[in-house]
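Q: Just so you know, we're using my numbering here: the sequence shown kicks off at 2 and counts up by one.
Just so you know, even glycine gets a beta-carbon here, dropped at the ideal spot from N, CA and C.
Supplied in structure tokens, the structure appears directly below.
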Amino acid sequence: VRRRGGTRRTVTMGRISWLAGVMILAALAVHAEEGPHRFSVDLPTGWQQASHVRLVLEGMTVAGGQPFKLRAAAIVEGAEPVLLGSAGIVGDRSVGSAPRRLPTLLIDVTRPLGSLADRLVTQPAITIRIEAVDGRNVRMGGLDWSVQSVRLERGGRN
């Protein structure tokens, strides 16, 4: 309860909960306007024995008309980045430059991640760099895209 100028204002728990929820959602959304961005991603239990391991990008928003690729690389201390894979995003000219939501994007990272197994034995997580590139793998500046969550998951067949 706060008093201001003789009037009484009550801050309800509902408003506080709503505000906290908005702040949490804003913190979870990773916004990438330019350049590569890094994510710390937990390695799933038993990933070394899995027949497939996928990088899962959920809650993506991309600029409508621009085609590009998202390229993912593992960042391992003391070594060059290891390319994990990439996925193409088709441009949709019908929406112009308006942002559009995409379904979940899956990138198979089984083989490249397996090649790092000896270096990741004691690691609970891995740093993954994701960047937008054109068809010739040249970084695209000024491209607006965002993703809400990035994770690795074990799976059967891709």
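Can you check the stretch 90-157 for any alpha helix (DSSP H) of at least 4 residues that lies completely inside it and give the ranges in chain order?
A: 111-115, 118-121
Q: Alpha carbon to alpha carbon, how far is residue 64 from residue 41? Give it in angstroms, no decimals.
A: 25 Å
Q: Tell me the DSSP bridge mates of residue 78?
A: None, per the DSSP bridge assignment.
Q: How is residue 26 classed by DSSP in three states: helix, strand or coil?
A: In this prediction, residue 26 scores a pLDDT of 40, lower than 50, which makes its location untrustworthy; no coordinate-derived value is stated.
Q: Since residue 37 and residue 132 are thought to touch, with beta carbons under 8 Å apart, how far apart are those beta carbons, to the nearest angstrom?
A: 4 Å
Q: To which residues of the same chain is residue 99 closer than 7 Å at the C-beta, ignoring the five residues directly before and after it?
A: 65
Q: Relative to the C-alpha of residue 47, which residue among 123, 128, 129 is closest?
A: 123
Q: Are the CB atoms of residue 73 and residue 127 within a distance shorter than 8 Å?
A: no
Q: How far does the beta strand (DSSP E) with residue 58 in it reach, from first residue to last?
A: 53-59
Q: Can you tell me which of 85, 87, 102 puts its alpha carbon nearest to the alpha carbon of residue 93?
A: 102
Q: Taking the straight line between their C-alpha atoms, what separation do you get for residue 117 and residue 76?
A: 10 Å
Q: Suppose the cutoff is 7 Å on Cβ atoms and the five residues either side in sequence are ignored; what does the same chain contact list for residue 111 look like?
A: 53, 54
Q: Exposed or buried, what is residue 91 when buried is set at 16 or more other beta-carbons lying within 10 Å of its beta-carbon?
A: By the beta-carbon neighbour count (other beta carbons within 10 angstroms, threshold 16), residue 91 is exposed.
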